[in-house]
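Residue 2 is where the sequence shown starts when you use the working numbering, and the numbers rise one by one after that.
Virtual Cβ for every residue (Gly too), placed ideally from N, Cα, C.
In what follows, a structure is listed as structure tokens, so that the remarks can point back to it.
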Amino acid sequence: MTQPPTKRVHLNAFDMTCVGHQSPGLWRHPEDQSHRYDDIRYWTELAQLLERGRFDSLFIADVLGVYDVYRDGPETALREGTQVPVGDPLLAVAAMGAVTEHLGFGVTVSLTYEKPYAFARRMATLDHYTNGRVGWNVVTSYLESAARNLGLERQIRHDQRYELAEEFMEVVYKLWEGSWEDGALVADREAGVFTDPAKVHPIEHHGEFYDVPGISLTAPSPQRTPVIFQAGASPRGLDFAARHGEAVFTTATTPEVVRPWVDDLRARTAAAGRDPRSVKVLTLMTVVTAPTDEEARAKYEEYARYVSHDGALALYGGWSGLDLSTYPPDEPLRYVETDAVQSAVAAFSSADPDRDWTPRDIASWVGIGGMGAVVVGSPQTVADEMERWVARGDVDGFNLAYAITPGTFVDLVDLVVPELQRRGLVPRDYEGETLRENIYGRGQVRLRDDHPGAAHRRVPTASGAAAAAPAAAASALSGVPA
Ligand SMILES: Cc1cc2nc3c(=O)[nH]c(=O)nc-3n(C[C@H](O)[C@H](O)[C@H](O)COP(=O)(O)O)c2cc1C
């Protein structure tokens with residue numbers, strides 16, 4: 002018998018503007034349509050499908066460089082279609098927003114290569130267009146090839162990127178939360194006043210990396226701050242995720258491996274003054290399902306025939322910073338510190354004391370679903386496995402990658418979601434209108450009060466003039482106008 006539901010399970014779809022996103026080589030499968038990544042109808046159809054399946058959000062990954070670590074050049078990535086060619090992740094969101102009403106969109110943008118002032122306007126515009134359904138996956142980038150082409154000689158060092166990130170967040174929170182008071186935009190035709198200038202405030206930010214003295218160029222969007230997604234995994238990254246993340250992505254091979262990481266994240270979240278349960282942890286998973294376990298297994302075997310090991314190692318080279326073509330294929334990997342994604346090295350070296358991983362193992366694991374878990378089975382088997390991850394790993398939901406697209410998502414929507422709904426784990430209807438409500442429930446459109454961005458809110462005074470931020474919050478800030 003199935004246990005009574007204890008927890009709402011969040012579903013997020015994972016895609017990227019490229020072929021074979023987390024499943025290198027599977028773009029060759031006859032049913033795969035990832036080659037349509039540059040066809041806007043691929044995105045609008047996918048959004049409608051996911052909304053039919055009551056997914057909370059679609060998350061679009063992004064990199065601004067090519068995977069050229071493996072074999073010391075871009076040739077493998079180009080030949081295999083390993084996240085190159087890659088398009089801009091933001092542009093399809095407006096179109097997807099126009100054909101859906103509830104689905105949220107988590108968009109990856111690397112703050113390392115953005116100016117916060119213009120970026121804040123771009124995200125606010127999308128939040129307006131989608132009626133409050135935009136999230137931002139805050140990343141700092143991991144590819145040297147991106148740095149070289151975006152004005153740097155080499156990547157900013159791993160931990161320094163997070164220092165830059167902290168200040169970037171402060172600037173955009175000030176723009177989104179603190180510059181315009183609610184009610185500033187009056188659009189009073191009689192009086193001829195569109196915006197009440199007394200209610201719009203310069204943010205006067207003068208910091209180590211950014212100087213932004215002026216006002217936000219956009220009026221507050223429904224959510225003001227987009228939902229903050231994050232995936233920091235190193236000690237420094239975890240602190241950042243604990244401070245800012247509302248939904249945090251992770252990747253692990255088993256629920257037992259993810260659990261200490263989740264415990265650590267929740268402890269750091271509490272230490273940052275936030276409710277540790279307000280950070281929703283979504284773990285990477287790829288589901289291969291069919292009506293029976295046997296059919297699902299056969300489907301998996303068929304997909305596995307299309308995996309490209311070279312493509313997988315090119316992907317892994319970009320993530321980890323390690324060129325495994327120079328490693329003995331059958332010797333276990335040992336942890337080394339790199340300037341790329343440190344947890345990508347840890348995942349296959351130090352994370353699981355019970356398992357060694359050789360380059361050959363890594364190539365086959367990454368081949369379907371990247372570094373995340375792959376679950377193969379009937380809808381009941383898949384739902385059981387998801388419940389196991391929730392119970393043992395203390396995760397809040399799943400970041401679902403595809404083996405083939407949209408086939409994997411069609412199977413999830415038609416087979417697995419109804420089973421999750423039967424178990425009371427996924428609601429039959431959306432609870433609110435905005436992405437933040439998909440995550441926290443109806444009514445929570447804006448940042449929770451315990452989120453650091455909320456400290457930048459202005460409190461309108463009775464006379465209509467804005468007061469300084471509340472004393473407790475103000476003490477945590479620098480550069481907030483009094
Ligand atoms: C599921 C998942 C998706 C990610 N997507 C992206 C992405 O699209 N672009 C990116 O630059 N980094 C991405 N990352 C990497 C993270 O931004 C981050 O660098 C990584 O989790 C390691 O954290 P660390 O920098 O603290 O070591 C992703 C990580 C995970 C777990």
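At a cut-off of 8 Å, is residue i close to ligand 1 when judged by its beta-carbon and the heavy atoms of the ligand?
i	result
GLU285	Here residue 285 is Leu; the residue named in the question, Glu, does not match the sequence. Yes.
PHE250	yes
TYR143	yes
ARG244	no
THR109	yes
ARG237	yes
ASN138	yes
ASP233	The sequence shown places Gly at residue 233, not Asp. Yes, ligand 1 has a heavy atom inside 8 Å of this Cβ.
GLN343	yes
VAL411	no
MET17	yes
PHE169	no
ALA62	yes
ASN400	yes
HIS206	no
ASP21	Rather than Asp, the amino acid found at residue 21 in this sequence is Gly. Every heavy atom of ligand 1 is 8 Å or more from the Cβ of GLY21, so no.
PHE210	no
GLY373	yes
PHE56	no
PHE241	yes
HIS103	no
HIS36	no
HIS11	no
HIS159	yes
Taking residue i and residue j to be in contact with their CB atoms under 8 Å, please state how far apart those CB atoms are, rounded to whole angstroms.
i	j	result
PRO227	VAL135	4 Å
LYS200	GLY215	About 15 Å separates the two Cβ atoms, so there is no contact after all.
LEU413	GLY105	Their Cβ separation, rounded to whole angstroms, is 17 Å, which puts LEU413 and GLY105 out of contact at 8 Å.
VAL489	GLN224	The first residue shown for the chain is 2 and the last is 483, placing residue 489 beyond what the model contains.
ALA119	TRP181	That pair is no contact at about 17 Å.
TYR143	LEU65	With 8 Å as the limit, TYR143 and LEU65 do not qualify as a contact, their Cβ atoms being about 10 Å apart.
ARG9	LEU426	7 Å
Quick one: residues in its chain with C-beta nearer than 6 Å to the C-beta of residue i, no 5 flanking neighbours on either side, listed in chain order?
i	result
ASN400	ASN13, PHE15, PHE250, LEU283 and LEU285
GLY408	GLU32
TYR174	GLY454 and HIS457
TYR328	PRO360
ALA473	Any reading at ALA473 must be qualified, since the residue scores a pLDDT of 36, below 50, and its modelled position is unreliable; the value itself is stated next. Nothing meets the Cβ criterion.
When the Cα atoms are used, what is the spatial distance from residue i to residue j?
i	j	result
ASP189	ASP197	10 Å
LEU325	TRP366	14 Å
ILE204	TRP137	21 Å
GLU168	GLY246	15 Å
ILE440	GLY318	33 Å
ARG306	GLN343	30 Å
ARG423	ARG429	9 Å
SER379	THR287	14 Å
THR126	VAL411	31 Å
ILE61	ALA402	11 Å
ASP1	ARG278	With the chain covering 2 to 483 only, the question about residue 1 has no answer from this structure.
SER222	VAL194	20 Å
SER350	TRP358	7 Å
ASP451	GLU338	34 Å
VAL289	ALA352	25 Å
GLN381	PHE230	29 Å
SER217	ALA364	47 Å
VAL375	SER111	28 Å
THR77	TRP320	15 Å
VAL94	ASP355	42 Å
Who are the Cβ neighbours of residue i in its own chain at under 7 Å, not counting the five residues just before and after it?
i	result
THR101	ALA48, GLN49 and GLU52
TYR163	THR141, ARG237, GLY238 and PHE241
ARG158	ASP340
VAL213	PRO117, TYR118, VAL172, ILE204 and HIS206
Might you give, ordered along the chain, the residues of its own chain that have their beta carbon closer than 8 Å to the beta carbon of residue i, omitting 5 neighbours on each side?
i	result
LYS281	HIS11, GLU247, ALA248, VAL249, ASP397, GLY398 and ILE440
GLU432	GLU438, ASN439, GLY442 and ARG443
CYS19	SER35, TYR38, GLY82, GLN84, VAL85, PRO86, VAL87 and GLY88
Under 8 Å: do the segment 298-315 and the segment 45-54 share three or more Cβ pairs, one atom per stretch?
Touching, no, given that fewer than three Cβ pairs across the two stretches are closer than 8 Å.
Check whether the segment 377-395 and the segment 252-269 touch, using three or more Cβ-Cβ pairs below 8 Å as the test.
With a cut-off of 8 Å, the segment 252-269 and the segment 377-395 count as touching, because enough Cβ pairs lie within range.
Could you tell me whether the segment 352-372 touches the segment 24-31, using the rule of 3 or more Cβ pairs below 8 Å?
By the criterion of at least three beta-carbon pairs nearer than 8 Å, the segment 352-372 is in contact with the segment 24-31.
At a cut of 8 Å, does the segment 74-82 reach the segment 304-323 through at least three beta carbon pairs?
Flag = yes, the segment 74-82 and the segment 304-323 touch.
Using a Cβ distance threshold of 8 Å, determine whether the segment 376-386 contacts the segment 328-339, with at least three qualifying pairs required.
Verdict: no, contact absent.
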